[in-house]
């Protein structure tokens with residue numbers, strides 16, 4: 001079973017120099033907990049170091065984010081027993097994704113789940129399956145913790161963080177904020193976009209500040225969402241309405257993701273409910289009728305991050321510490337799962353040392369190849385779709401029209417979402 005440590009109690013087997021394990025994972029978010037499960041499955045002893053109390057990991061609060069899961073991610077969650085810990089009634093299939101260019105009009109870009117006769121043919125993905133699945137982030141985090149908590153070989157150290165490390169030829173010493181030192185062979189940074197591990201390793205990063213903020217919350221509406229994700233780019237705003245699993249079979253709740261300048265987001269976060277509802281209904285052109293807020297309104301700054309390197313001697317970066325995506329493609333969480341999976345695959349195929357330099361370099365090459373093209377394309381799209389000067393509005397409309405007519409492009413996107421391998 002997983003052990004829970006705290007500020008005053010050392011956990012794990014003792015060796016000369018302090019508590020020892022094979023891998024220290026800094027960060028108890030989804031990528032960090034998933035990595036712990038993958039490493040433990042390969043027989044390595046793992047310590048997860050997390051600054052928040054263990055009670056927060058056990059029962060994470062609603063954070064407003066609905067995560068679009070690809071079939072590959074769902075396959076990994078099923079393999080590791082996590083999927084069964086998510087209530088079936090909280091899983092919403094994504095059957096259609098619809099992208100529009102706001103007031104400029106023009107035909108929308110639509111992705112359908114393949115049904116043998118729809119817009120996407122069966123070679124884009126398995127017939128009868130949705131494009132993907134939407135699940136609230138806090139439910140995924142809770143499910144991961146439940147599996148981690150019953151997995152042999154994993155120790156959770158809460159209310160502490162990594163403050164430094166020293167590498168040797170075969171081992172490293174990892175210093176914690178509570179004064180302890182741990183002996184390990186690999187330190188994994190899974191501590192978010194502004195990763196302290198990345199900074200300690202001397203690894204720089206591309207940080208793209210879009211100068212915008214995001215507001216997320218759940219909204220109830222009159223028109224059923226029909227398991228369709230709506231995203232459109234309008235003048236000075238980007239809006240998404242993501243379907244939430246039906247409440248009583250109605251399908252009348254969606255997750256709002258609104259991107260605006262920071263001052264507008266700050267104003268809307270504290271607006272009176274009736275004023276908020278009226279403005280969001282207007283901003284969404286009443287696509288789903290009158291909207292009513294049903295949850296807390298939570299805001300985030302909009303910044304994308306891409307580390308210059310994903311590894312250093314006995315250090316690896318995963319999750320947002322490696323690649324922090326713009327949410328427009330809903331691929332950040334999926335890259336986090338794929339990154340830790342790739343890391344453990346390469347280390348398991350190596351000589352048996354989880355800090356093996358050649359294995360870490362292979363991981364970096366594979367993960368960069370999997371992420372960099374989409375990262376750069378996403379940022380370019382985000383800039384083009386949030387600028388309303390010059391030729392950008394007409395270019396957006398032309399781009400959507402062209403993409404909608406390119407069947408190979410639509411098949412490739414659908415395949416990326418639905419490929420379980």
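Numbering (my numbering), first residue to last: 1 to 421.
Glycine included, every Cβ here is placed at the ideal spot set by N, Cα and C.
Keep in mind it's a predicted model, so treat the numbers as computed, not measured.
Local Cβ density within 10 Å of residue i, reported as buried at 16 or more and exposed below that
{"i": "residue 179", "result": "exposed"}
{"i": "residue 257", "result": "buried"}
{"i": "residue 182", "result": "buried"}
{"i": "residue 309", "result": "buried"}
{"i": "residue 198", "result": "buried"}
{"i": "residue 422", "result": "Residue coverage of the chain in this structure runs from 1 to 421, which leaves residue 422 outside it and unanswerable."}
{"i": "residue 22", "result": "buried"}
{"i": "residue 220", "result": "buried"}
{"i": "residue 378", "result": "buried"}
{"i": "residue 169", "result": "exposed"}
{"i": "residue 188", "result": "buried"}
{"i": "residue 301", "result": "exposed"}
{"i": "residue 143", "result": "buried"}
{"i": "residue 282", "result": "exposed"}
Alpha helix (DSSP H) segment containing residue i, residue limits
{"i": "residue 303", "result": "It is not in any alpha helix (DSSP H) - residue 303 instead sits in the beta strand (DSSP E) that spans 298 to 307."}
{"i": "residue 45", "result": "From DSSP, residue 45 is part of no alpha helix (DSSP H); its letter is neither H nor E."}
{"i": "residue 344", "result": "332 to 348"}
{"i": "residue 58", "result": "54 to 58"}
{"i": "residue 93", "result": "Looking at the DSSP string, residue 93 is not in any alpha helix (DSSP H); the run it does join, the beta strand (DSSP E), is 92 to 94."}
{"i": "residue 282", "result": "273 to 283"}
{"i": "residue 197", "result": "196 to 200"}
Local conformation of residue i per DSSP, three classes
{"i": "residue 232", "result": "strand"}
{"i": "residue 138", "result": "helix"}
{"i": "residue 290", "result": "coil"}
{"i": "residue 131", "result": "coil"}
{"i": "residue 152", "result": "coil"}
{"i": "residue 370", "result": "helix"}
{"i": "residue 122", "result": "Because residue 122 sits at a pLDDT of 37, beneath the cut-off of 50, its placement in the model cannot be relied upon, and the following sentence gives the value as read from the coordinates. Residue 122 falls in the helix class under three-state DSSP."}
{"i": "residue 97", "result": "strand"}
{"i": "residue 270", "result": "coil"}
{"i": "residue 324", "result": "strand"}
{"i": "residue 72", "result": "helix"}
{"i": "residue 363", "result": "helix"}
{"i": "residue 356", "result": "coil"}
{"i": "residue 145", "result": "helix"}
{"i": "residue 30", "result": "helix"}
Residue interval of the beta strand (DSSP E) (run including residue i)
{"i": "residue 208", "result": "205 to 220"}
{"i": "residue 82", "result": "That residue, residue 82, is in no beta strand (DSSP E); it is neither H nor E in DSSP."}
{"i": "residue 163", "result": "162 to 167"}
{"i": "residue 111", "result": "109 to 112"}
{"i": "residue 67", "result": "66 to 69"}
{"i": "residue 315", "result": "315 to 317"}
Residues sharing a beta bridge with residue i, DSSP
{"i": "residue 259", "result": "214, 238"}
{"i": "residue 183", "result": "20, 173"}
{"i": "residue 254", "result": "219, 243"}
{"i": "residue 89", "result": "Looking at the DSSP assignment, residue 89 forms no beta bridge with any residue, so it has no partner."}
{"i": "residue 312", "result": "315"}
{"i": "residue 25", "result": "48, 188"}
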